[in-house]
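The structure appears right after this line, and notes come after that.
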Amino acid sequence: MTPRHDPLGTVVEHDGIPRRIPLIQDMTLADFPAEIGLFPLDEALLLPHGKLPLNVFEPRYVALVEDALREGRMIGMIQPRERRGMVVSDDSHGDPDDNPPLYSVGCIGRITSMTERADGTYGITLTGLARFRLLREAGLRRGYRVARIDVSGFAADLTDPEEEVVYDRERLLESLRRFCAQQGLSTQWDALHEMDDATLLVMLPMICPFATAEKQALLESGSLAERANTLRMLLEMAGHEPDEGASPS
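In this text, residue positions in the sequence shown follow the working numbering: the first is 1, and each later residue adds one.
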């Protein structure tokens, strides 16, 4: 089934039933907004084609989810530059530290599953669509930050991942094995060995317990091969002290 657009830009399938939101595999650069609501979250990495579960409880981000559900289901995931742990009390009353500076590159995620709880909070899963460059912030909307963005430099994110990636897979997995041993982490090795390269190089960077700057380096890697090399170097350079509360699984 090949989609087409009517004169107003609405996606219409061949049977004439309009779709307000295109299928993920049919999305083009024209389907991305010029402005997007931001979800700044420390040490949270969303990559194109990856899936990121989120527990949404702060009122401003509950509002962001509600607005995204009405407007294409897209949210801009991005990391703060200077602060760890974006859990900020709602009684901050405009404290400047509540809106720390952000990295210039984030990733647009589309809400592909959602659970609304009785207390009004949400559990959602974002599927990574494409990276974006933050051009400038455009103020606050219902408490959350909004920014002008540009996706055009990351058009390749909308295509299927490379089938063959030129990298040393065995060396990467051996680096991961040493890292897990040093950190006291466990993982499902059989599942990792069965993954194709594209899946491995999306999933593994997202779940490894790296700090913000390291996660950002993985996000900004220009290709899967570059990401693989960056990931291997980070694993090999990682310290020997366990990072509690995070484990590849």
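Where a beta carbon is used, it is the ideal one built from N, C-alpha and C, also for glycine.
P33 and G72 look like a contact to me (Cβ under 8 Å); what is the Cβ gap, rounded to whole Å?
The distance from the Cβ of P33 to that of G72 is about 7 Å, consistent with a contact at the 8 Å cut-off.
I'd like to know whether the C-beta atoms of T112 and Y122 end up nearer to each other than 8 Å.
No.
Identify every residue that forms a DSSP beta bridge with R177.
Paired residues: none, contrary to the question.
So what's D90 in DSSP terms, helix, strand or just coil?
Any reading at D90 needs caution, since the residue's pLDDT is 34, under 50, leaving its predicted position unreliable; the model's value is listed next. The answer is coil: DSSP assigns D90 none of H, G, I, E or B.
On the CB-based measure, 16 or more other CB atoms within 10 Å of its CB, does S104 come out buried or exposed?
With fewer than 16 other Cβ atoms inside 10 Å of its own Cβ, S104 counts as exposed.
8 Å Cβ cutoff met for I78 and P40
Yes.
Would L218 pass as a contact of L192 if the rule is Cβ separation under 8 Å?
No, the pair does not count as a contact, with Cβ atoms beyond the cut-off.
First through last residue of the alpha helix (DSSP H) which encompasses Y61:
Segment P59 to R70, the alpha helix (DSSP H) holding Y61.
Applying the criterion that 16 or more other CB atoms from any shown protein chain within 10 Å of the CB defines a buried residue, is A130 buried or exposed?
Classification for A130: buried.
S152 by DSSP, collapsed to three states: which one?
Here S152 sits in helix by DSSP.
Check whether the stretch 195-214 touches the stretch 45-54, counting contact only when three or more Cβ pairs, one atom from each stretch, lie closer than 8 Å.
Result yes; three or more Cβ-Cβ pairs closer than 8 Å.
Rounded separation between L23 and M237 - CA only:
Cα to Cα, L23 sits roughly 40 Å from M237.
For V166, which option in L140, R148, S223 and C107 has the closest C-alpha, if you only look at C-alpha atoms?
Checked all of L140, R148, S223 and C107; the closest Cα to V166 is S223.
Which partner residues of G120 appear in the DSSP bridge assignment?
The partner list for G120 (beta bridge, DSSP) is empty, contrary to what the question assumes.
Alpha carbons only, please: which of R145, V202 and T127 is nearest the one belonging to P53?
Considering only alpha carbons, the answer is T127.
On a Cα-Cα basis, can you pick out the residue from P59, R20, R117 and L235 that is closest to G143?
Cα-wise, what sits closest to G143 is P59.
Any idea which residues DSSP pairs C107 with across the strands?
According to DSSP, C107 bridges with M77 and R131.
Measuring CA to CA, which of E194, S186 and Q182 is closest to L235?
Scanning E194, S186 and Q182 for the CA closest to the CA of L235 turns up Q182.
Just to confirm, are G120 and V62 a CB contact at a threshold of 8 Å?
For the 8 Å CB-CB criterion, G120 and V62 form a contact.
Can you list, in chain order, the residues of its chain with a C-beta nearer than 7 Å to that of G153? Leave out the 5 residues immediately preceding and following it.
In the same chain as G153, and ignoring 5 residues on each side of it, the C-beta atoms closer than 7 Å to its own belong to R133, in chain order.
For E214, count neighbouring Cβ atoms within 10 angstroms of its own Cβ and tell me buried if that reaches 16, exposed if not.
E214 counts as buried, since at least 16 other C-beta atoms from the protein chains shown sit within 10 angstroms of its C-beta.
So I124 and V56 are supposed to be a Cβ contact under 8 Å. How far apart are they, rounded?
Under the criterion of beta carbons closer than 8 Å, I124 and V56 qualify as touching, at roughly 6 Å.
Just reading off the alpha helix (DSSP H) that I207 is part of, what are its end residues?
Start and end: D197 to I207.
Nearest to I36 (by Cα), restricted to the options R136, E164, H49 and T28:
Nearest of R136, E164, H49 and T28 to I36, Cα basis: R136.
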